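Report on the following structure.
There are 2 protein chains.
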Amino acid sequence: MFASGARVAVGVSGGADSVCLLHALVELGGLKLSVLHVDHGLRGAESRADAEFVGELAARMGLPFCLREVTLGPGNVEQEGRRARLRFFHEQLAAGNCDRVALGHTRSDQAETVLFRFLRGSGTAGLAGIRPVTAEGIVRPLIELERAEIEEYLRERQIPWREDATNAGEEFARNRIRHGLLPQLAAEWNPALVETLAHTAEFARAEEAYWAGEIDRLSAESLTAGDGCVLIRTESLKALSLAVARRLVRRAIQMAKGDLRGVDFGHVERVVELASAPTGRGRTQVPGLDVRRSFEWLRLGVPFTRKPYSLKPLVPGTTQIPGTRNGISLELIEKSETSVLPWNVYNTEMGCLDWKRLAGSLELRNWRFGDQYQPMGLTGSEKIKTLFQLQRIPVWERAQWPVLTDGESIVWTRRFGPAAGFAAGPESGVVLKLGEVTIR
Amino acid sequence: MFASGARVAVGVSGGADSVCLLHALVELGGLKLSVLHVDHGLRGAESRADAEFVGELAARMGLPFCLREVTLGPGNVEQEGRRARLRFFHEQLAAGNCDRVALGHTRSDQAETVLFRFLRGSGTAGLAGIRPVTAEGIVRPLIELERAEIEEYLRERQIPWREDATNAGEEFARNRIRHGLLPQLAAEWNPALVETLAHTAEFARAEEAYWAGEIDRLSAESLTAGDGCVLIRTESLKALSLAVARRLVRRAIQMAKGDLRGVDFGHVERVVELASAPTGRGRTQVPGLDVRRSFEWLRLGVPFTRKPYSLKPLVPGTTQIPGTRNGISLELIEKSETSVLPWNVYNTEMGCLDWKRLAGSLELRNWRFGDQYQPMGLTGSEKIKTLFQLQRIPVWERAQWPVLTDGESIVWTRRFGPAAGFAAGPESGVVLKLGEVTIR
Chain A
99 MFASGARVAV GVSGGADSVC LLHALVELGG LKLSVLHVDH GLRGAESRAD
149 AEFVGELAAR MGLPFCLREV TLGPGNVEQE GRRARLRFFH EQLAAGNCDR
199 VALGHTRSDQ AETVLFRFLR GSGTAGLAGI RPVTAEGIVR PLIELERAEI
249 EEYLRERQIP WREDATNAGE EFARNRIRHG LLPQLAAEWN PALVETLAHT
299 AEFARAEEAY WAGEIDRLSA ESLTAGDGCV LIRTESLKAL SLAVARRLVR
349 RAIQMAKGDL RGVDFGHVER VVELASAPTG RGRTQVPGLD VRRSFEWLRL
399 GVPFTRKPYS LKPLVPGTTQ IPGTRNGISL ELIEKSETSV LPWNVYNTEM
449 GCLDWKRLAG SLELRNWRFG DQYQPMGLTG SEKIKTLFQL QRIPVWERAQ
499 WPVLTDGESI VWTRRFGPAA GFAAGPESGV VLKLGEVTIR
Chain B
99 MFASGARVAV GVSGGADSVC LLHALVELGG LKLSVLHVDH GLRGAESRAD
149 AEFVGELAAR MGLPFCLREV TLGPGNVEQE GRRARLRFFH EQLAAGNCDR
199 VALGHTRSDQ AETVLFRFLR GSGTAGLAGI RPVTAEGIVR PLIELERAEI
249 EEYLRERQIP WREDATNAGE EFARNRIRHG LLPQLAAEWN PALVETLAHT
299 AEFARAEEAY WAGEIDRLSA ESLTAGDGCV LIRTESLKAL SLAVARRLVR
349 RAIQMAKGDL RGVDFGHVER VVELASAPTG RGRTQVPGLD VRRSFEWLRL
399 GVPFTRKPYS LKPLVPGTTQ IPGTRNGISL ELIEKSETSV LPWNVYNTEM
449 GCLDWKRLAG SLELRNWRFG DQYQPMGLTG SEKIKTLFQL QRIPVWERAQ
499 WPVLTDGESI VWTRRFGPAA GFAAGPESGV VLKLGEVTIR
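Quick mapping for you: the protein sequence lines, in order, are chains A and B.
The working numbering numbers the first residue of the first sequence as 99 and each following residue consecutively.
The working numbering numbers the first residue of the second sequence as 99 and each following residue consecutively.
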C-alpha cells in the first residue's frame, strides 16, 4: 500500500474509521503523515465543529493539516459529497503534495457497497466494490477490518471520535443499508454476511482485472475510433463468446461516450443483438449514444448528421470536405508529361478526367438522394445509392460522400470514379487528376 | 429449447407455474407431450390430492401420465425434494422415455435463486442461477416470465391450479425469500428487482460458459491426475492471473473430490496462496481433501499414507511396489552377452549391480527415515533424505520410494542408482540389471 518513508495524506472526517486509521498509521511509524479534511458545509455549525475537531487532532499529533471547503452542486447530496472528496484527494496526488492518500473505508463499507450494487444490478464490475489500492494512489488500509473492530480499537485506547449526524439519517441509501438492511440480512440469512460480501468483492475484483487485460487486447484489435464515434466490425463481435462480446461492447460504449453512466444490461444486450442480426441494418439507443448498424459495421457515437456543402474546388489544390478530415486534391497534367503517368493510372479508383471535355464550372458537393451517373465500366447510368448498396458502404459514410459535377453532369465520385463520358484516355491532351488526402 | 415433434415430458406439480406450462405447450402444438409428477408423500392426503389433480388434468388432455412416488432421505426436506425430482427427470431422459423434460421455473424463481446464492456467497457460478436449458435435456420455457404473468394467463383462461401448502410455510428458505425478502427489497430498493436479478443471472451464465472453455483448456495443460489425487505445478498456477488461478484451483478440487460441495472462497484462496508462497512446503485443508505443497508441486487428494513393505524381489522378474502401479524389474545378464549391453548403460539412472558382490539376501522395501548410502559419483555416504531435497522430490513420492538392500547395505535406490561399492563395471562377470515399469 505504501513504501516506508512515503508521504501519506490521511483523509480524516472525524468519524471512527478515519480517526482510527490516523492513529494506526502514527502507531505504525515510518511514514510522513499529513491530514486532509473536506468541509461540505452541509450541516452548518456541526460541519464546522467536525473540521475543528480534526484540525485539533492533527495539531496535537504535530501533523500538517489541510482543510478544503467545498460547495456541493445540486443533486444527490451523498453522491456529490463523495465525488467532491475524491476530486480533492486526486488533486492532492496529481499536484505531488503526497505519494498516497489513505482513506478509512472498512470491510463494512465494502459489504454495504456490494449489497447496494447487487440490488441495483451491476454485473461483476459493480460487485468488485471498493478497491483497496487505486492506480491514482488512493489506499484503504482498513479494508479488511469490520467497523466493530475499529470501535474496539478506539475504545481500548480511549480515543474520542465524532459521530457524523448524517450517518444516522435514514434519507441516505448508505445509512439504510448500514443500519437496516445489512444487519437484517445478517440476522436472517448469514451471520458472516459482511465477510461473505467482502469475498464476493475480492473475487469480482480479480475477475475484472483479468478482463481489463483481455479487453485491452481485443479492443486494440477490433475497435476503431472515428470522428466522434467508435466502429466495430460485426464479424469480430460475432466470433467472440457472449461474455467477451458483452464486455467488448461495454468498452466500445465507454470509449464512445467517455463513461458508462446510465448503461445497463439491456443496452449492452441490444447492441450485441444488433451486431448478430442477419439483416445488415438497424439502430438502438444507449444513453448519450446513437448505435447504428450498416452492413458489417456497428457505429456508436453521436448521431451523424448530413452537413450539406457545395464548393468551387481549387484547381490545382486541395479542397477539404466539410465535417470530415478528408480533402479532394485536383491536379492538371499536360500531355507532354504523360511519360510519368502511365495509361493504366486512368483506371484507378481515384481516376483522371479529360480536361477538354469539362465545361469548367466544377462543383464539389455531397451526394444527394437520387444522384445517378455512368461510371467507367458500366454499360448505362446507375443510381449512386445502388452503388453504395453493392459496395456495402455504411450509411454514415454516405452523408458527406463527395461528388464532382460539371454543370448538370456528375463527372466523378469517390470510390466509383470518373464518369464514362468524361474520363481521360490515351487521346487526352490535358488531364485533371483526382486524389483524396487526409488533412490533419 | 425443443425441435418440432419432440417428445417433451412436462414436470407438473399442480401449482400455477407448471399447470400454465402444460397448457401453454398444448396450445403451442407440434410436440408429443406427456406429464410427469413426483409425489414426495410429505403432506399425506394433500400430496395425494395433488397427484390426483395432475393425473386428472393429464387424462382430460389425453396425455400419458407418469407418477413417481418417492420417500425422502433425512436432512433438508426442501433440498431433498428438489434432488429427488431432478433424479427422476434425469432418469426419464437417460432411459430415452422423452427428448426433453420441461419444467415450470419462472423468472421469479430465477431471482429468488440468485438472491439466495448471493447471500450465501457463491461467486459468478452461483449467480448464474437456474439454467434455461441443460446439457441433460431439461428445459425451462417460462424462465423469462414472472409469476404474476403466469397467474394472469391462468385466470384469463379460467384454468384451475392447486396452491401448494408448502409454498406458504415460512420454514422453507425459498418461501421466506419469495414472500418476505424479495418483495421487501423490491419495495425499498428496486421495483424491477426480479428483472435485475434475472439479468445478473444471464450475465453470470455467459461468463461461466466462457470460463468453462478456458478452464477446460488450461486444466488439460496444467493438471495431472495421479493415484487418488490431482497434481499442479506451482509455476503454471503462478503464471496465471489471479482470477484464472482461482478458477483452475476450483477445477482441480472438483477433479480430486468429485464435486465442490462445502468449498468456499477461503479454501480456494488458501490453495492459491500455498502455491505462491516462496517456501516450497506447506499444507491446507479443503473439505474432503488434503492439500500439500512440496517444492514446485501441489497435491490435492486424500492424505497419502506410508504403506510399509519389505519383499523378497523376484530374480529374474518384476516385483510390484505396494500401494502404487509401479514395479521393479530385475534381470541377470551374463558377461558373454555384454555385446548387447554397452558399458555406458552401467551409468544410467536405473543402473546395474555386480552380481558377484551381492551376498544374495536381497530385500525390496520402502525408504526409511535415516537411510543412507554412497551412490556412484559421490565421494562419501549421504542420507537419502538429503538427496530427496537436492533433487526436489515431493514428500508424497517418498513414502513408497523403493530401496534395494543386500543384508545391511543399501545397494540401490530409485533415481539415485547403484551404490558405488556394488555397481557393475567392465570387470563384472554377471550383471543384475534394474528397471522400473508401470503395471496396468
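C-beta: ideal position from N, C-alpha, C; glycine also.
No experiment lies behind these values; they were computed from the predicted model shown.
For residue 151 of chain A, which residues from the same chain have a beta carbon less than 8 Å from its beta carbon, with the 5 sequence-adjacent residues on both sides left out?
-> Cβ contact annotation for residue 151 of chain A (same chain, cutoff 8 Å, sequence separation greater than five): 112 and 260, in chain order.
Is residue 424 of chain A helix, strand or coil when you go by DSSP?
-> Here residue 424 of chain A sits in strand by DSSP.
Simplified DSSP assignment, three categories, for residue 471 of chain B | Of the three classes helix, strand and coil, the one that applies to residue 471 of chain B here is strand, per DSSP.
Which chain C residues sit within Cβ distance under 8 Å of residue 217 of chain A?
-> This model lacks chain C altogether, as its protein chains are A and B.
Tell me, please, whether the CB atom of residue 344 of chain A is closer than 8 Å to any CB atom in chain B?
-> At a cut-off of 8 Å, the C-beta of residue 344 of chain A has a neighbouring C-beta in chain B.
Have a look at A/459, A/387, A/450 and A/465 and flag the residue whose alpha-carbon is nearest the alpha-carbon of residue 474 of chain A.
-> For the set A/459, A/387, A/450 and A/465, the Cα lying nearest the Cα of residue 474 of chain A is the one of A/450.
Would you kindly report the start and end of the unbroken alpha helix (DSSP H) that includes residue 294 of chain B?
-> Run containing residue 294 of chain B: 291–320, per the alpha helix (DSSP H) assignment.
Mind checking the segment 198–223 of chain B against chain A and listing, in chain order, the residues whose C-beta falls within less than 7 Å of any C-beta there?
-> Cβ contacts with chain A: 216, 217, 218, 219, 221 and 222.
Quick one: using the 10 Å Cβ neighbour count with 16 as the cut-off for buried, is residue 204 of chain B buried or exposed?
-> Result: buried.
When the Cα atoms are used, what is the spatial distance from residue 122 of chain B to residue 296 of chain B?
-> Here the alpha carbons of residue 296 of chain B and residue 122 of chain B stand approximately 22 Å from one another.
Write down the C-beta distance between residue 187 of chain B and residue 109 of chain B rounded to the nearest angstrom, noting that I regard them as a contact closer than 8 Å.
-> With a Cβ gap of about 6 Å, residue 187 of chain B and residue 109 of chain B count as contacting.
Outcome for residue 408 of chain A when other beta-carbon atoms lying within 10 angstroms are tallied against a minimum of 16 = Result: exposed.
Flag this pair as touching only if the segment 139–147 of chain B and the segment 215–228 of chain B have three or more C-beta atom pairs under 8 Å; answer yes or no.
-> As far as the Cβ criterion goes, the segment 139–147 of chain B does not touch the segment 215–228 of chain B, which means the pair count is below three.
Contacts of residue 340 of chain B in chain A (Cβ-Cβ under 8 Å) | At a beta-carbon threshold of 8 Å, the residues of chain A lying near residue 340 of chain B are 304, 307 and 308, ordered along the chain.
Applying the criterion that 16 or more other CB atoms from any shown protein chain within 10 Å of the CB defines a buried residue, is residue 467 of chain B buried or exposed?
-> When all chains shown are included, residue 467 of chain B counts as exposed.
What is the C-beta distance between residue 276 of chain A and residue 210 of chain A, in whole angstroms, given that I count them as a contact (C-beta under 8 Å)?
-> The Cβ separation is near 6 Å, so the contact holds.
Would DSSP call residue 365 of chain A helix, strand or coil?
-> Shown here, residue 365 of chain A sits in a helix according to DSSP, grouped into three states.
Within the segment 494–530 of chain A, ranges of the beta strand (DSSP E) (whole runs, at least 3 residues) = With a minimum length of 3 residues, the continuous beta strand (DSSP E) runs that stay inside the segment 494–530 of chain A are 500–504 and 507–511.
In or out: residue 143 of chain A buried (at least 16 other Cβ within 10 Å) or exposed?
-> Of the other Cβ atoms in all chains shown, fewer than 16 fall within 10 Å of the Cβ of residue 143 of chain A; this residue is therefore exposed.
Leaving aside the five residues before and after residue 391 of chain A along the sequence, list all residues of the same chain whose C-beta is less than 6 Å from its C-beta, in chain order.
-> For residue 391 of chain A, where only same-chain residues beyond five positions count, the Cβ hits under 6 Å are 372, 379 and 380.
Report yes or no: is there a C-beta of chain A within less than 8 Å of the C-beta of residue 298 of chain B?
-> With 8 Å as the cut-off, residue 298 of chain B counts as an interface residue toward chain A.
Rounded to whole angstroms, what's the CA-CA distance from residue 135 of chain B to residue 156 of chain B? Just pull it up for me.
-> Cα-Cα distance, rounded: 10 Å.
Residues within the segment 348–363 of chain B neighbouring chain A, beta-carbon criterion of under 9 Å = Against chain A - using a Cβ distance shorter than 9 Å - the residues of the segment 348–363 of chain B are 362 and 363.
Interface partners of residue 270 of chain B on chain A, CB under 7 Å = Correct list: empty, because the minimum Cβ distance to chain A is about 13 Å.
Residue 311 of chain A: contacting residues in chain B (beta-carbon distance under 9 Å) = Result: 339.
Simplified DSSP state of residue 213 of chain B, which is helix, strand or coil | Residue state, collapsed to three classes: helix.
Taking only the alpha-carbon atoms, compute the straight-line gap between residue 427 of chain A and residue 495 of chain A and give it to the nearest angstrom.
-> Each residue's Cα considered, the two are about 19 Å apart.
How would you list, in chain order, the residues of chain A whose beta-carbon sits under 9 Å from the beta-carbon of residue 486 of chain B?
-> The premise fails here: residue 486 of chain B is roughly 35 Å from chain A at the closest Cβ pair, so nothing lies under 9 Å.
Looking only at its own chain, which residues have a Cβ that is under 6 Å from the Cβ of residue 335 of chain A, when we skip the five neighbours before and after it?
-> Contacts found: 343 and 373.
Give every residue of the same chain whose Cβ lies closer than 8 Å to the Cβ of residue 346 of chain A, excluding the five residues on either side of it in the sequence, and list them in chain order.
-> These residues qualify, in order along the chain: 313, 316, 317, 320, 321, 330, 335 and 338.
Is residue 354 of chain B helix, strand or coil when you go by DSSP?
-> DSSP places residue 354 of chain B within a helical segment (H, G or I) once states are collapsed to three.
To which residues does DSSP link residue 336 of chain A through a beta bridge?
-> According to DSSP, which records beta bridges pairwise, residue 336 of chain A is partnered with nothing at all.
With DSSP run on the structure shown, which of helix, strand or coil describes residue 273 of chain B?
-> When DSSP states are grouped into helix, strand and coil, residue 273 of chain B belongs to the helix group.
Chain B beta carbons: is any one of them nearer than 8 Å to that of residue 301 of chain A?
-> With its beta carbon less than 8 Å from one in chain B, residue 301 of chain A belongs to the interface.
Does DSSP put residue 418 of chain B in a helix, a strand or coil?
-> It is a strand residue.
Return the CA-CA distance between residue 404 of chain A and residue 304 of chain B, expressed in angstroms with no decimal places.
-> So the two alpha carbons sit approximately 39 Å from each other.
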